[in-house]
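Residue numbers (full-length UniProt numbering): 5 to 387.
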Ligand code: PMP
Ligand code: GLN
């Protein structure tokens, strides 16, 4: 293994899911729903396969999907993208983020991201040979946020990209317009490109509004927007995503993506286009049901003695383990399957300095009510 990738080992999601399978535990670790996406969308994937859509799709993606993405950006956010030159289909958001970072940052360059950082970011920046600088999100009155001075201090003349994930995994923070305005000002003043990870764009709660950074003044032409089908439609295994942005940036992403995977699975693209056109009412119901599941899990975690942060988006709860008498989230996450028959993700692995995240573990609530209830019943015996 090349030196720059040493230390990344196995992703925490694979490790924790394997642990859940091995121990027969309830898996509130890796974020995937335990129910399927909209039946019409599943049928559209089957129809695409049976209808002969099984050879290489065009590298940039099926035209019907690029058009559906452009229409969604326009209708939901008022953002105009040319489906021919400003939309590109990728193998999940993960490839979109990786292709964007690889296209925009190289050796000697720096990438800024908010910490805790989703697990692929640090590895992708390392793959690019660039350096990651992080800005800590800290709890302030029950919500994780950043200090604008720390953001400005993290940006140097070498900074090429700011990676912005909102709604944010794992803290659940949905950046406000004021927070986004701080980020936008830094991008404009320091001539930095933003890469935004918006995979939870539909999963927001209590009326919190997802605002794409690209909608702020001057940002449309310096932002590469990444999203995907998995979380919105509960089909995380489809691994179909898309990048939208100014044509020059999308061309740069294309140059890299072509040689990573060339194209993205065709039947999923067909079904995703159908989903964006026809299944958004289903997504509205998913969102409402997730809000109830969030409250269900939080009530249970609080009863078990955790301090649980109520997320405004995503399907994760960040929980502080110290009231239970624990201080090391990694040790607790490793012990939990035997102690309680539950698997969680130690948030510490999303931090550069372990001590910043040691007190937290992350629980997913994209599960059937009875699964959440059984998990919290088991956790109640912990304290
Ligand atoms: N970014 C974040 C913040 C995520 O939580 C995930 C997991 N869905 C991804 C990216 C990866 O998305 P995909 O499965 O579409 O590659
Ligand atoms: N995004 C999912 C999570 O945060 C996991 C994705 C993955 O397994 N790579 O749990």
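No residue lacks a Cβ here, since even glycine has one placed at the ideal position from N, Cα and C. Values in this document were obtained by computation on a predicted structure and should not be read as measured data.
Go ahead and pull the three-state DSSP assignment for residue i.
i, result
"residue 201", "strand"
"residue 321", "strand"
"residue 164", "strand"
"residue 17", "helix"
"residue 231", "strand"
"residue 155", "helix"
"residue 241", "helix"
"residue 292", "helix"
"residue 365", "strand"
"residue 138", "strand"
"residue 353", "helix"
"residue 60", "coil"
"residue 185", "helix"
"residue 143", "strand"
"residue 118", "strand"
"residue 25", "helix"
"residue 287", "helix"
"residue 248", "strand"
"residue 312", "strand"
"residue 12", "coil"
"residue 4", "A query on residue 4 cannot be resolved here, the shown segment of the chain reaching from 5 to 387 and no further."
"residue 209", "coil"
"residue 263", "helix"
"residue 3", "With the chain covering 5 to 387 only, the question about residue 3 has no answer from this structure."
Ordered along the chain, which non-local residues of its own chain (more than five positions away) have a Cβ less than 8 Å from that of residue i?
i, result
"residue 82", "219"
"residue 270", "52, 57, 58, 59, 60, 61, 66"
"residue 315", "171, 175, 176, 177, 209, 298, 321, 322"
"residue 333", "325, 350, 351, 352, 361, 362, 363, 364, 365"
"residue 101", "124, 125, 128, 167, 199, 201, 230"
In or out: residue i buried (at least 16 other Cβ within 10 Å) or exposed?
i, result
"residue 193", "exposed"
"residue 368", "buried"
"residue 305", "buried"
"residue 331", "exposed"
"residue 259", "exposed"
"residue 226", "buried"
"residue 84", "exposed"
"residue 322", "buried"
"residue 78", "exposed"
"residue 20", "buried"
"residue 70", "buried"
"residue 289", "exposed"
"residue 216", "buried"
"residue 380", "buried"
Should residue i be counted as a contact of the ligand GLN given a C-beta to heavy atom distance under 7 Å?
i, result
"residue 237", "no"
"residue 399", "An answer regarding residue 399 cannot be provided, because it is not within the stretch 5 to 387 covered by the chain."
"residue 34", "yes"
"residue 169", "no"
"residue 58", "no"
By Cβ distance, which residues of its chain are closer than 6 Å to residue i, with the 5 residues on each side in sequence left out?
i, result
"residue 357", "none"
"residue 76", "280"
"residue 242", "233, 272"
"residue 27", "341"
"residue 179", "170"
"residue 98", "124"
Should residue i be counted as a contact of the ligand PMP given a C-beta to heavy atom distance under 7 Å?
i, result
"residue 31", "no"
"residue 234", "yes"
"residue 245", "yes"
"residue 455", "Shown here, the chain extends from 5 to 387; a query on residue 455 therefore has no answer."
"residue 138", "no"
"residue 240", "yes"
"residue 176", "no"
"residue 361", "no"
"residue 96", "yes"
"residue 278", "no"
"residue 355", "no"
"residue 122", "yes"
Can you find the residues in the same chain that come closer than 7 Å, C-beta to C-beta, to residue i, ignoring five residues on each side of it along the sequence?
i, result
"residue 41", "237, 238, 239"
"residue 348", "32, 33, 337, 340, 365, 366, 367"
"residue 385", "344"
"residue 126", "136"
"residue 48", "274, 275, 278"
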